[in-house]
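Residue numbers (this note's numbering), protein chains in the order written: chain C, 76 to 441; chain L, 26 to 448.
Cβ coordinates follow ideal geometry from the N, Cα and C atoms, glycine included.
Remember, it's a predicted structure, so these values are computed and weren't measured experimentally.
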Amino acid sequence: MRYKIIVGLILLLAGYASVLAQNNRMDCEQTLSLATEEFNAGRFYGIPALLKPCIDRGFGREQRQRAYLLLTQTYLILDDPISAETSYIEILRANPEFETDTALHAIDLVYLSKKFTADPIFSVFGGIGLNTSPVRVIHTINPWGSPISNNYTLRPGFQFRGGIDWNITRELALSGEFNLLNSSYRKSQTRANHDRVTYIGNQWWMVMPVSIRFSDTKGKYRPYGYGGFAVQWLVSETGRVTNIKTDEIDGGTPQSNTRESPTLRLTSFRNKINQSFFVGGGVRIKTGLDYVFADLRYSFGLTNVVVPTSTYGGQTPAIEFGHVDDYFRIDNLALSVGYVHPIYNPRKLKRARTKSVLKLINRSAK
Amino acid sequence: MKLMKYYTVGLILLSLVLITCDTKNNVEPTFKDYFIKYYGEDGNHEAKDFVVTNNQEIIIVGTVTLGLNKRVYVVKADQEGTELWSVTLDSDSNELAEDIEPILEGAHAGNYVILSNAQTAEDVLETRFTIITATGVVESRHTLPSRLASQEGLSITPIQTGGSGGFYLAGRTTDWDAASASNSLPTPPDIIEDLLVIKLDQDFDTISFDRIGGSHTGSAIKVIQLNNNRFMYAGHWDGKTDGRLPDEPKIESNIFFRTFENDPSGVPSLYSGTLSLHERLVSVCRSSFGIEAAIATQSDDNGINRKVFAVTTSSNFSTVLSERVLLGQSGEYEAVSVSAGANRFLVLANEINAQGNRDIYLKRVDGFLEADLDLKFGSVNNDDRGAAIAELPNGDILILGTMELAGQQDKIALIKVRPNGAF
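Set out below in structure tokens:
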């Protein structure tokens, strides 16, 4: 009973606070309208004081942008550049993607805006997806005296991605990532007439890619492309060998006998540190100030995954199952979806980008 | 301009990346020179022996079992273990491969003789010889005329006579020896294994046929030609070790070496072994460094507590230099083969685990049986066993064996390792 009362009280207070905020915003909308009227009427001196209470407590994000825009314009007219700059910074804090437009805004505001930016220096992102790993054989190793036939087929895997972009320019970014990747491949070998040996390997990788990305910066859908280099640590590889022995006795019906190995750990037969080169592309879709993305990446394995001296040995799968690894590189095709959060940083530029505005001012002066 | 810089840096980085790429040319294909290679197709294949040709190709002989039939299987591989040809010998009965040797003299010089034993009826073995060329063509097959109900060839030795050549066959028979003058035991056992030493001409016609043993059990394992007209045959039997015949009852087998010129049935010249345990000879070899070696499986009366017993002798098997248990201080082992390298002997054995499965075990020893290399191949769950061993002129080691793969099939396995035992 007591809990019900407490919960009821909390809900009541929350409702009350919500109504109060709504009322505040409505009051402040009226204040903002009044301030705009004052501005249009040329009564500039009272505007900062008029807006201050709402700035301190009541504006929503969009209202704050409008309020500071009005204040910036006011201070410019009042010839108070310091306050104008402070107010402009606040516009960018309210909406980091705010940009002045010569068609909408006074030229002195446009000129001022060129001294500032809110472009994110860094963006963080994360994603998940599916992948598959084509095997590229460097050397086929035949454990059989007679010819064999190998066939590698694709198997699905999955991955988790996270990383950070360093936005060198609006278009160009340097990305560093950490991927946890599960991949799989299947090797089927036909030998000794009809015998078939299948190995399915499952690998866990920790991948650290670094890439340069070039992006489109306009519109809701922003395509991009990139290329880079990754250091990959093979955490583990486990697998199973299935032997299907088929004998044809005196031309009769072939008789098969299937044996499956227990799960084998082949990690010690693998080079732990590998490298890859990758290219990729995708599209970022703007959602508010953030993005969701869909990304397709192909990684070309550069290094032999197999420890060359591990092919044979006293306790290898070669001895127990007749399975021998080829020397191979492993590629990866990954499709990921994820979310990007730019870390906006409104700031004054060390070198203002005012050249184009000055040209415009000069042109209009002529 | 700025973008151009990025492209340049990117291209340099990409070039560096591509330089680090492992390719066919910069990944050393060590697997080509040192390997494990399997041979055989349908059926199960049991390795028995091999010869290494002058150009270091390998001819392997074994037995393939397909359904209820057993046949002799021959396969030739190059230095990298790649199969050059294989052939399964036709037979009207189950036939097991035993030995392969190069023929140095006579009508078949340059070819190879394969020794096999065919089971033509229950408890009846027939010894056969097959001449096969280096290219896998079966030139002729011969059957040793049957003098005894069961005569089993264990090794064949092509001999050099300075003319037409010929062969010595070593083996055993389990045929009852009622007529033997030396069968003097008061109550002889039902079946007594006797030694067979048979001399054959180049066409496999019998020149001399010696059954040796009387009331004792034993086998002749190998005849070795010491010089133009002097030979030695080695084996084991349970006759007294003091060299007197006829002999007294004794049940423990020992290794013996006997040198002879024409008559192998005389007195053994040298014994090795223990008084209370059996040493059954398995393999004997000569070396180029003046010491000879032989290995036997030592066991108690019940055939258990098996160990590898080795003996080395001075040149021409004249005196024992060293003799002792080489493998088996703990666990069970059975001897398989001994072969001489440039200055050491390679001893091949099977290590037997508690489940009864075997692993292939190599031990390299000097003339005084001091070891400098131990190697083991096999999996705990499968029955893997050795067959033959050889050292190549460059010191590399070739091991022939049978591997049970995936617990479902036996395959002939050829293993090639470096002189230090590594792949």
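Neighbour flag for residue i against chain L, beta carbons, 9 Å
i	result
R404 (chain C)	yes
R340 (chain C)	no
N217 (chain C)	yes
K430 (chain C)	no
K320 (chain C)	yes
S343 (chain C)	no
G302 (chain C)	yes
E323 (chain C)	yes
N242 (chain C)	no
N407 (chain C)	no
R334 (chain C)	yes
V316 (chain C)	yes
Member of the options whose CA lies at the smallest distance from the CA of residue i
i	options	result
K199 (chain L)	L:H133, L:V333, L:E66 and L:E177	One detail in the question is off: residue 199 (chain L) reads as Thr in this sequence, not Lys. Considering only alpha carbons, the answer is L:E177.
G357 (chain C)	C:R340, C:G302 and C:P392	C:G302
F304 (chain C)	L:V42, L:K30 and L:Y31	L:V42
H269 (chain C)	L:G68, L:A245 and L:L109	L:G68
Under the three-state DSSP convention, the category residue i falls into
i	result
Q307 (chain C)	strand
T429 (chain C)	coil
A181 (chain C)	coil
Y32 (chain L)	helix
G83 (chain C)	helix
F342 (chain L)	helix
T273 (chain C)	strand
C46 (chain L)	coil
T78 (chain L)	coil
T244 (chain C)	coil
P195 (chain C)	coil
E335 (chain C)	strand
T231 (chain L)	strand
A142 (chain C)	helix
Residues near residue i by beta carbon distance below 6 Å, same chain, minus five either side
i	result
D226 (chain L)	G191 and I232
L423 (chain L)	A415 and K441
F344 (chain C)	V382 and S385
F235 (chain C)	I203 and L255
M428 (chain L)	D409, K436 and A438
I128 (chain L)	A134, N136, V138 and P183
I385 (chain L)	F402, G403, D409, G411 and G426
P444 (chain L)	G420
T313 (chain C)	N277, T338 and R340
Y387 (chain C)	A393
Any chain C beta carbon closer than 9 Å to residue i
i	result
V361 (chain L)	no
K30 (chain L)	no
Q380 (chain L)	no
T107 (chain L)	yes
L220 (chain L)	no
V112 (chain L)	no
K436 (chain L)	yes
Q433 (chain L)	yes
A415 (chain L)	no
G35 (chain L)	yes
E273 (chain L)	Confidence is the limiting factor: at E273 (chain L) the pLDDT is only 49, short of 50, which leaves the residue's position unreliable, though a coordinate-based value still follows. No, E273 (chain L) does not count as interfacial toward chain C.
L306 (chain L)	no
L225 (chain L)	no
L194 (chain L)	no
Contacting residues, own chain, Cβ-Cβ under 8 Å from residue i (five flanking each side not counted)
i	result
S324 (chain L)	L302, H303, R305, N330, R331 and K332
Y186 (chain C)	T429, V432, L433 and I436
N346 (chain C)	L309, T378, N379, V380, V381 and V382
Residue i: CB within 8 Å of a non-hydrogen atom of the ligand FMN
i	result
D103 (chain L)	The model depicted lacks the ligand FMN and carries no ligand whatsoever.
7 Å CB neighbourhood of residue i in its chain, flanking five on each side removed
i	result
F134 (chain C)	C103 and A142
(message) Any C-beta of chain C within less than 8 Å: which residues of the stretch 43 to 74 of chain L qualify?
(response) From the stretch 43 to 74 of chain L, only L43, T45, C46, D47, T48, K49, V52, E53, P54, T55, F56, Y59, F60, I61, K62, Y63, Y64, G65, E66, D67 and G68 have a Cβ closer than 8 Å to chain C.
(request) Residues of the stretch 382 to 409 of chain L with a CB closer than 8 Å to any CB of chain C: list them in chain order, please. (result) L400, K401, F402, G403, S404, N406, N407 and D409
(request) Quick one: which residues of the stretch 208 to 238 of chain C get their C-beta closer than 7 Å to a C-beta of chain L? List them in chain order. (result) I213, H214, I216, P218, W219, G220 and S221
(message) Along the stretch 255 to 266 of chain L, where does the CB come closer than 9 Å to a CB of chain C? Name the residues.
(response) none
(message) Please identify, using Cβ separations under 9 Å, the residues of the stretch 234 to 248 of chain L that lie next to chain C, in order along the chain.
(response) none
(request) Quick one: which residues of the stretch 349 to 382 of chain C get their C-beta closer than 7 Å to a C-beta of chain L? List them in chain order. (result) Legend: CB atoms of the stretch 349 to 382 of chain C lying less than 7 Å from CB atoms of chain L belong to residues Q350, F352, L377, T378 and N379.
(request) Pull out every residue of the stretch 346 to 372 of chain L whose Cβ sits closer than 9 Å to any Cβ of chain C, in chain order. (result) Under the 9 Å Cβ criterion, the stretch 346 to 372 of chain L contributes no residue.
(request) Could you name the residues of the stretch 261 to 291 of chain C whose beta carbon sits closer than 7 Å to any beta carbon of chain L, in the order they occur along the chain? (result) A267, N268 and I287
(request) Can you give me, in chain order, the residues of the stretch 384 to 396 of chain C that have a beta carbon less than 8 Å from any beta carbon in chain L? (result) T384, T386, Y387, G388, G389, Q390, A393, I394, E395 and F396
(message) If the cut-off is 8 Å on Cβ atoms, which residues from the stretch 246 to 259 of chain C count as contacting chain L, listed in chain order?
(response) L247
(request) Output, in sequence order along the chain, the residues in the stretch 83 to 96 of chain L whose CB is closer than 7 Å to any CB in chain C. (result) Residues L91 and G92.
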